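Report on one structure; see the data block that follows.
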Amino acid sequence: GSGRFGIVYDSSRDAAGQSKTKIERRMTVNIDGTGATDTGLEFGGRIRLRSDEGDTSGAVGSANIWMGNDMFRITVGNTDGALVNRIAYFDGTVGLTGLHDADNSFNIGTFQSLLNTYSSRGNAGDVVRLDYNVGGFGLSVSTDSTGDHLSNGSEDAIAASYNFGDWTVAAGYAKNANNATTAAGELDMWSLSAGGQIADFAVNVNYSDLENVGSKAVLSGSYAFDATTVTAFVAHTDEDSFGSAGIGATGDETEYGIGFTHSLGGAVLAGGISRDYTEETMADLGVRFAF
Amino acid sequence: GSGRFGIVYDSSRDAAGQSKTKIERRMTVNIDGTGATDTGLEFGGRIRLRSDEGDTSGAVGSANIWMGNDMFRITVGNTDGALVNRIAYFDGTVGLTGLHDADNSFNIGTFQSLLNTYSSRGNAGDVVRLDYNVGGFGLSVSTDSTGDHLSNGSEDAIAASYNFGDWTVAAGYAKNANNATTAAGELDMWSLSAGGQIADFAVNVNYSDLENVGSKAVLSGSYAFDATTVTAFVAHTDEDSFGSAGIGATGDETEYGIGFTHSLGGAVLAGGISRDYTEETMADLGVRFAF
Amino acid sequence: GSGRFGIVYDSSRDAAGQSKTKIERRMTVNIDGTGATDTGLEFGGRIRLRSDEGDTSGAVGSANIWMGNDMFRITVGNTDGALVNRIAYFDGTVGLTGLHDADNSFNIGTFQSLLNTYSSRGNAGDVVRLDYNVGGFGLSVSTDSTGDHLSNGSEDAIAASYNFGDWTVAAGYAKNANNATTAAGELDMWSLSAGGQIADFAVNVNYSDLENVGSKAVLSGSYAFDATTVTAFVAHTDEDSFGSAGIGATGDETEYGIGFTHSLGGAVLAGGISRDYTEETMADLGVRFAF
Chain A
7 GSGRFGIVYD SSRDAAGQSK TKIERRMTVN IDGTGATDTG LEFGGRIRLR SDEGDTSGAV
67 GSANIWMGND MFRITVGNTD GALVNRIAYF DGTVGLTGLH DADNSFNIGT FQSLLNTYSS
127 RGNAGDVVRL DYNVGGFGLS VSTDSTGDHL SNGSEDAIAA SYNFGDWTVA AGYAKNANNA
187 TTAAGELDMW SLSAGGQIAD FAVNVNYSDL ENVGSKAVLS GSYAFDATTV TAFVAHTDED
247 SFGSAGIGAT GDETEYGIGF THSLGGAVLA GGISRDYTEE TMADLGVRFA F
Chain B
7 GSGRFGIVYD SSRDAAGQSK TKIERRMTVN IDGTGATDTG LEFGGRIRLR SDEGDTSGAV
67 GSANIWMGND MFRITVGNTD GALVNRIAYF DGTVGLTGLH DADNSFNIGT FQSLLNTYSS
127 RGNAGDVVRL DYNVGGFGLS VSTDSTGDHL SNGSEDAIAA SYNFGDWTVA AGYAKNANNA
187 TTAAGELDMW SLSAGGQIAD FAVNVNYSDL ENVGSKAVLS GSYAFDATTV TAFVAHTDED
247 SFGSAGIGAT GDETEYGIGF THSLGGAVLA GGISRDYTEE TMADLGVRFA F
Chain C
7 GSGRFGIVYD SSRDAAGQSK TKIERRMTVN IDGTGATDTG LEFGGRIRLR SDEGDTSGAV
67 GSANIWMGND MFRITVGNTD GALVNRIAYF DGTVGLTGLH DADNSFNIGT FQSLLNTYSS
127 RGNAGDVVRL DYNVGGFGLS VSTDSTGDHL SNGSEDAIAA SYNFGDWTVA AGYAKNANNA
187 TTAAGELDMW SLSAGGQIAD FAVNVNYSDL ENVGSKAVLS GSYAFDATTV TAFVAHTDED
247 SFGSAGIGAT GDETEYGIGF THSLGGAVLA GGISRDYTEE TMADLGVRFA F
């Protein structure tokens, strides 16, 4: 499991009765079961306990169950879809908490977190994902909405990644990323990422295009020295049509952020600041640790 | 704990927007605490985490607490009543998931799962059960609705079992199996079972009668060879009066099913097919494992 | 974790359809994570699973996260406020379950459990508490309502304790103990306690005053012999004005109780009886154990 606490500033919390700062606090406990058959097929499952500041109780995330070997694996339940599993969306994440998560290219204006992603308190949506890995090559395919005897709109996705030495590239496509129940309402998304390491520098680009809404390109870099790592990103969103991603004004917007982590040996001091497409600022500072 | 996943077919899911198939997925984690006094009295408790396909989060079942020795034991809380604890209702269970659970004689037409039974996501209903075991003889008595300072209708039950060699017989009676709050609304149930082993064959009969509703007799058998076991059952329900169990038409109905398990050494491949009193068909196939 | 079960009598449950007795049952599982940095700073977190009689499912309490050393510690989240952390409110607790909890001086008439206290099923209210300990001296300060970006009324508290040999004294003050959102509605509380040990006898006094409501003084004592401990308390509440604490009649009220625990070596037999300010009687008897 892991824990973290600290302070968060959010400039958007400026209504009457609101406070721009709050105390962040999170605890995560993973309960994992694993085993293997006589023929070497591995299997397991995960269920997570999670508590955050401001909750009225802790939560139990829905589980996922998996089976496979080094080459093939099937994962069923509350798990990432193919894109989130393969694309390097998170290399530019800054701060203790991730702040606006503006460094994830799948967050385009008001369209946030559409893609199937493991949910710590809920259920990603009954995902089934198949992974295939051989050498540096990996392929994932996924669908969702599989557990309810309904023929409703599902997100179907495919993504591939290729690793060569210090560099990894990935690309993927999700049909009906927004789980629309009518064909006319479906929004498809495609994404790609490329990242690698040059001595103490890490660099990543990730790009996503959401049909009829807009596209977002993110460039991020990290520099590690002694026990400290500094990470920064800049992201640019272009709307497909004026206001289609909730930006309007000029139809495009730049987001950016910078953060650091400093190892305390067992725990990590982390902080950062970011600015999102609404031109609001978030900042945080705190400590996180694993146990 | 344990996990399972697979595919389920249900012919009854044929409305517009429905799919007859779904992906089954379950994870169970038991958190058990046990200890003993200096005089050798054992005690303990169980709390269960459970997640299934289609849930919006995992669940925490209510706990049970027990204390006793080889001869006497008291169990308090979320636990089976006397009948479910003693009667061999489940020997004919088929498939990965149990399908219609039509092999349980206490499921009579539309009257399903009335008896106090451990609930993996909820609470059986604040049961208190006393167990007595000596030699091959066992006796259980139970009541429920004990935890709420209310004098509402409780299910009170008594059941006994006797084991001799490869054979076990059991019988029991539950007053107010439906937890009616008025004496006029009470439905009593009695059940019996007999089962045993002949070489690689296992055979079981279980029978239940629900007052004013109907009765159900189930015959099941299993045959084990190498790593495979095949199980089949046939069940016949007779209504006490036309339509009293929701069957009507002829006033009686036959249900049946067949399934198999095949050990993978650490995991089990399981599948089956069954037909219930509504003449609908369910089938499933998948893998389950313990960890 | 721990468990308990037994029987509870409550004379106030005398309405139609009610029963004065119920079966008590509780299971508690603490999931703790701990660690330390290279420089010896310790950190950790706790999340609790809890199930009680009468619940519809088990519960996951919100978590707390802490970091510090022998001298300083910060605890964030679902945790006791400064008063409950320092004042010896609970030395006079009787019975298996605590019964009316009338021995806690912060429970004044109808004003029950206002102070920030760790919640086993919920969240104390996003408390941040700082503890300082040196020699026998300890100081705690706390606030709450820190996790929601709201500037609503918080309970702010300070308390100190001092231990010398077998005796400990403590005092504390909470501003806005009732979390009122307007200054006019705020009720402040102050408390003190003193307790110690004389051979096999333990004695404690604790006193609380809730602004505009009333005050309560509690005297309790315990006597231990062989495997048995007997504890008794008497508490007197005075209203600030007639009916201000919901007592009325004479404007003051005496509460009392007596209980025992008897070690079974691994488990404990416990029982007690108490009378509260409404002149109702509760009694209980049962077993509790840790595992």
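Chains A, B and C supply the protein sequences, listed in that same order. The working numbering numbers the first residue of the first sequence as 7 and each following residue consecutively. The working numbering numbers the first residue of the second sequence as 7 and each following residue consecutively. The working numbering numbers the first residue of the third sequence as 7 and each following residue consecutively. Even glycine gets a Cβ: it sits at the ideal position worked out from N, Cα and C. In this text the structure is predicted, and so the values were computed from the model without any measurement.
Around the beta carbon of Gly201 of chain B, 16 or more other beta carbons sit within 10 angstroms, so the residue counts as buried. Straight-line measurement puts the Cα of Ile264 of chain B at about 38 Å from the Cα of Leu145 of chain A.
By DSSP's assignment, His242 of chain B forms a beta bridge with B:Ala223 and B:Thr260. What Met288 of chain A touches in chain C, judged by beta-carbon distance under 8 Å, is nothing: the nearest beta carbon there is about 11 Å away.
Within the region 18-34 of chain C, the residues whose Cβ lies closer than 8 Å to any Cβ of chain B are, in chain order, Arg19, Gly23, Gln24, Ser25, Lys26, Thr27, Lys28, Ile29, Glu30, Arg31, Arg32 and Met33. Secondary structure remark: continuous alpha helix (DSSP H) runs of at least 4 residues inside the region 71-125 of chain B, in chain order: 88-92.
For Leu55 of chain C, the closest alpha carbon among the candidates A:Gly60, A:Asp58 and A:Val66 is that of A:Val66.
Here Thr40 of chain C is bridged, per DSSP, to C:Gly50. The continuous beta strand (DSSP E) containing Ile164 of chain C extends over residues Asp162 to Phe170.
In chain order, Ser17 and Ser18 place their CB closer than 6 Å to the CB of Glu286 of chain B, counting only its own chain and leaving out the 5 sequence neighbours on each side. Between the alpha carbons of Ile164 of chain C and Tyr179 of chain C lies a distance of about 5 Å. From the beta-carbon of Asp61 of chain C, the residues of chain B found nearer than 7 Å are Ser68 and Asn129. Those residues of the region 112-137 of chain B placed with their C-beta closer than 8 Å to a C-beta in chain C are Arg127, Gly128, Asn129, Asp132 and Val134, ordered along the chain. Against Asp244 of chain A, chain B offers no close residue; the least beta-carbon distance is about 35 Å (beta-carbon pairs closer than 9 Å).
No residue range can be given for Ser247 of chain B, since it is assigned to no beta strand (DSSP E) and is classified by DSSP as neither H nor E. By the neighbour-count definition (other C-beta atoms within 10 Å, threshold 16), Met77 of chain A is an exposed residue.
Counting every other CB atom within 10 Å of its CB across the protein chains shown gives Ser197 of chain B a total of 16 or more, marking it as buried. When C-beta atoms of the region 237-245 of chain A are compared with those of the region 93-104 of chain A, three or more pairs fall below 8 Å, so the two segments count as touching. For the C-beta of Phe295 of chain A, the chain C residues within less than 7 Å are, from N- to C-terminus, Gly41 and Phe49.
If you check the CB distance, Gly115 of chain C and Thr243 of chain C come in under 8 Å. Residues of the region 68-92 of chain C with a Cβ closer than 7 Å to any Cβ of chain A, in chain order: Ser68, Ala69, Ile71, Met73, Val82 and Gly83.
When Cβ-Cβ separations below 8 Å define contact, Leu102 of chain B makes no contact with chain A.
The three-state secondary structure of Gly191 of chain C, taken from DSSP, is helix. Asp137 of chain A and Arg52 of chain A do not touch by the CB rule: their CB atoms are close to 15 Å apart, not below 8 Å.
The Cβ neighbour count for Ala208 of chain C, taken over all protein chains shown within 10 Å, is at least 16; the residue is labelled buried. Residue pairing by DSSP puts Thr235 of chain C in a beta bridge opposite C:Ala230 and C:Thr267. Here the region 245-263 of chain A makes contact with the region 105-121 of chain A; the two share three or more CB pairs at distances below 8 Å.
DSSP places Ile279 of chain B in the uninterrupted beta strand (DSSP E) bounded by Ala273 to Arg281.
At a cut-off of 8 Å between beta carbons, Ser146 of chain A makes no contact with chain B.
In the DSSP assignment, no residue is bridged to Ile253 of chain A.
Within the DSSP bridge table, the entry for Phe295 of chain C names C:Gly9 and C:Ala273 as partners.
Against chain C, the CB of Ser160 of chain B has no partner CB under 8 Å away; the residue lies outside that interface.
Taking the Cα positions, Leu275 of chain B is about 42 Å away from Gly272 of chain A. Where Thr284 of chain B is concerned, there is no enclosing beta strand (DSSP E), because DSSP gives it neither an H nor an E. For the 8 Å CB-CB criterion, Gly41 of chain B and Phe49 of chain B form a contact. Interface residue (Cβ-Cβ distance to chain C less than 8 Å): Gly153 of chain A is not classified as such.
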